[in-house]
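Residue numbers (my numbering): 252 to 413.
The next block holds one structure in the form of structure tokens; read it before the comments.
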């Protein structure tokens, strides 16, 4: 992967990738592995981008798919390794430093894989239609799902706080 590709087509979308990877990992090491694998898959799949959607939507969809695949793989095999980023690319080490954010991510991790994806997109202020496009469902049930997810998160967080 060239540094130019990373800097121009991945780095501007790093916050998206970071949020998704963080929601599906439990440690800094796993987070970094997921992040690197997402970047690698973006580079490998770049020619498959058909411009049917925005680049950011495609990044979301690809990131979610990679994270879900790695999550399933990690349940079966803990020995995969990814070291594909250029040496000069360093991930922010403070990803897991904010305790209130950690609590939110811990609560999000208790949701189903699909609900995690939906709430992350909602927190990114994506429209219901954009969420539906990324997830691959229709817009009508997104609002209902978001309401239920918020209620579940509130219960989870209240249980931790009280």
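Heads up, the beta-carbon is just placed ideally off N, CA and C, and yes, glycines get one too.
For residue 382 versus residue 400, is the C-beta spacing smaller than 8 angstroms?
On the chain shown, residue 382 is found 131 positions in, with the first residue counted as 1. On the chain shown, residue 400 is found 149 positions in, with the first residue counted as 1. Not in contact: residue 382 and residue 400 (Cβ atoms no closer than 8 angstroms).
From residue 269 to residue 286, what distance separates their C-alpha atoms?
The residue given as residue 269 occupies position 18 in the chain shown. The residue given as residue 286 occupies position 35 in the chain shown. Their backbone Cα atoms lie some 7 angstroms apart in a straight line.
Do you know how far the Cα of residue 307 is from the Cα of residue 267?
Translated into positions along the chain shown, residue 267 becomes position 16. Translated into positions along the chain shown, residue 307 becomes position 56. Distance between the alpha carbons of residue 267 and residue 307 is about 8 angstroms.
Cα-Cα separation between residue 388 and residue 259, rounded to whole angstroms:
In the chain shown, residue 388 corresponds to position 137, counting from 1. In the chain shown, residue 259 corresponds to position 8, counting from 1. Between residue 388 and residue 259, the C-alpha separation is close to 30 angstroms.
What is the DSSP secondary structure of residue 360, counted as helix, strand or coil?
For the purposes of this step, residue 360 is taken as the residue at position 109 of the chain shown. Helix at residue 360.
Suppose you measure from the CA of residue 305 to the CA of residue 296; what does that come to, to the nearest Å?
Translated into positions along the chain shown, residue 305 becomes position 54. Translated into positions along the chain shown, residue 296 becomes position 45. Taking the straight line from one Cα to the other gives about 15 angstroms.
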